[in-house]
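Structure first, commentary second.
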Amino acid sequence: MLRFTAFLLLVASGAVAAEATEIRIAEQYGLAFLPLMIMRDQRIIERRGAQLGVAKLDVKWAKIGAVNAINDALLAGELDFAAGGVPSLVLLWAKTRNTAGAVRGVAALGDIPNELIVSRREVKSIRDLGPSDKIAVTAVKISNQAIALQMAAAQEFGPDNYEKLDPLTVGMAHPDAAVALLSGSGGITGHFSAPPFLERELRAKGLHSILSTYDVLGGPATLNVIWTRAAFREGHPKAYQAFVSALEEAMEVLNRDKRAAAAVYKRLTNSSESVEEIAGILEDPRFVFTVTPHRVMRTAEFMHRTARVKERPASWKDLFFPEAHRFSGN
257 MLRFTAFLLL VASGAVAAEA TEIRIAEQYG LAFLPLMIMR DQRIIERRGA QLGVAKLDVK
317 WAKIGAVNAI NDALLAGELD FAAGGVPSLV LLWAKTRNTA GAVRGVAALG DIPNELIVSR
377 REVKSIRDLG PSDKIAVTAV KISNQAIALQ MAAAQEFGPD NYEKLDPLTV GMAHPDAAVA
437 LLSGSGGITG HFSAPPFLER ELRAKGLHSI LSTYDVLGGP ATLNVIWTRA AFREGHPKAY
497 QAFVSALEEA MEVLNRDKRA AAAVYKRLTN SSESVEEIAG ILEDPRFVFT VTPHRVMRTA
557 EFMHRTARVK ERPASWKDLF FPEAHRFSGN
């Protein structure tokens with residue numbers, strides 16, 4: 257608590273030698289990243305920065321479909337904020353804790369389900385998957401989808417068989433996987449998909465869902481989070497505060513008018529879905545856009561139990577910077 261108070265006093269006093277004039281942010285594909293799109297579209301970070309005395313804050317955005325590339329860029333100091341799945345945060349936290357390059361979470365991006373969509377009619381559950389199947393995940397072994405599949409395998413086949421389905425997975429960004437599955441000529445028979453791609457796939461004849469991340473995690477759960485290096489937060493507290501407050505404002509904007517938010521998504525992505533279709537997806541009660549982390553410890557505990565990380569966080573708060581501790585997370 258004392259460190260958090262000291263951080264806020266540092267922000268208020270402006271006692272930082274070289275406040276950041278540039279913020280570099282990486283996002284990925286899909287509706288789960290809509291809060292970031294609203295931040296970009298409405299230039300909320302720039303406005304919040306100006307309110308804190310950081311004039312002409314230059315915010316640069318990059319869309320990267322591979323989380324491994326995002327993490328490499330962050331650790332190399334080429335990115336300031338990264339957005340991606342909970343497993344990536346857990347891995348980076350464990351890898352960098354107690355080092356000069358320590359990484360922790362900033363906030364969640366919302367509770368949003370992903371679903372495993374398959375093309376083979378005879379596949380009713382993961383037990384029916386076989387050697388001829390190829391399942392697209394955004395990154396093998398580390399993405400939300402890959403870890404969810406491992407957790408499902410452990411639940412279905414026993415804890416020691418959590419890697420049973422790993423040989424069936426291939427790394428592919430959501431847009432490419434959707435095209436491949438829908439065309440039937442992309443060499444995959446399944447896609448652990450995210451909105452709006454999964455809705456597009458479910459509308460197609462012959463495709464159906466056999467698993468949801470909510471099934472695996474025991475209910476609504478955080479899909480993606482934002483993380484950064486402790487060095488950035490401590491070295492540029494005003495820029496950090498500008499980002500955090502901008503994200504919270506973007507969540508409020510999204511939740512206040514989901515049709516307007518859908519229009520932003522349509523305009524920025526040129527999605528094949530109409531604004532009405534996107535708004536309908538956003539109105540799904542399973543979708544909750546919130547900065548509060550939910551069920552992140554389920555993933556962290558699984559990754560520790562399967563030796564993906566050596567250290568087990570004592571609670572979700574270990575994974576996140578103190579600014580997030582005011583939320584009722586788990």
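Everything in the sequence shown is counted per our numbering, starting at 257 for the first residue and increasing by one. Every residue, glycine too, gets a C-beta built ideally from N, C-alpha and C. If you're wondering where the values come from, they're calculated on a predicted model, not measured in any experiment.
Query: Extent of the continuous beta strand (DSSP E) run through residue 562; Result: That residue, residue 562, is in no beta strand (DSSP E); it is neither H nor E in DSSP.
Query: Residue from 310, 426, 487 with nearest C-alpha to residue 391; Result: 426
Query: Collapsed DSSP secondary structure at residue 492 in the structure displayed; Result: coil
Query: Other residues of its chain near residue 456: CB distance less than 8 Å, five sequence neighbours each side excluded; Result: 434, 438, 528, 529
Query: Whole-angstrom C-beta distance between residue 323 and residue 398, which should lie under 8 Å; Result: 7 Å
Query: Helix, strand or coil at residue 469 [DSSP, three-state]; Result: helix
Query: Enclosing alpha helix (DSSP H) for residue 515 [first to last residue]; Result: 514-525
Query: Per DSSP, the bridge partner or partners of residue 286; Result: For residue 286, which the question treats as bridged, DSSP gives no partner whatsoever.
Query: Touching by the beta-carbon criterion (3+ pairs, under 8 Å), the stretch 512-523 and the stretch 372-379; Result: no
Query: Residue 331 versus 311, 356, 342, residue with shortest Cα-Cα distance; Result: 356
Query: Beta-carbon spacing of residue 276, residue 492 below 8 Å; Result: yes
Query: C-beta atoms of residue 583 and residue 555 nearer than 8 Å; Result: no
Query: Status (buried if at least 16 other CB within 10 Å, exposed otherwise) for residue 296; Result: buried
Query: Option in 445, 386, 453, 469 with minimal Cα separation from residue 411; Result: 469
Query: Sub-8 Å separation of residue 466 and residue 379 beta-carbons; Result: yes
Query: Residues that residue 278 bridges to, as DSSP identifies them; Result: 314
Query: Sequence ranges, alpha helix (DSSP H) only - wholly within the stretch 291-340, length at least 4; Result: 300-307, 323-331
Query: Residue 535 versus residue 478: straight-line alpha-carbon distance, rounded; Result: 20 Å
Query: Whole-angstrom C-beta distance between residue 290 and residue 339, which should lie under 8 Å; Result: Not confirmed; about 11 Å, so no contact.
Query: Inter-residue spacing [alpha-carbon to alpha-carbon] between residue 315 and residue 568; Result: 34 Å
Query: Local conformation of residue 480 per DSSP, three classes; Result: strand
Query: DSSP-derived helix/strand/coil call for residue 447; Result: strand
Query: 6 Å Cβ shell around residue 574 - same chain, five flanking residues per side excluded; Result: none
Query: CB-CB length for residue 362 against residue 348, believed under 8 Å; Result: 12 Å between Cβ atoms; not a contact.
Query: Cβ separation of residue 383 and residue 445, assumed to be a contact under 8 Å, to the nearest whole Å; Result: The pair is not a contact, with the Cβ atoms about 15 Å apart (cut-off 8 Å).
Query: For residue 488, the nearest candidate out of 480, 481, 497 (CA to CA); Result: 497
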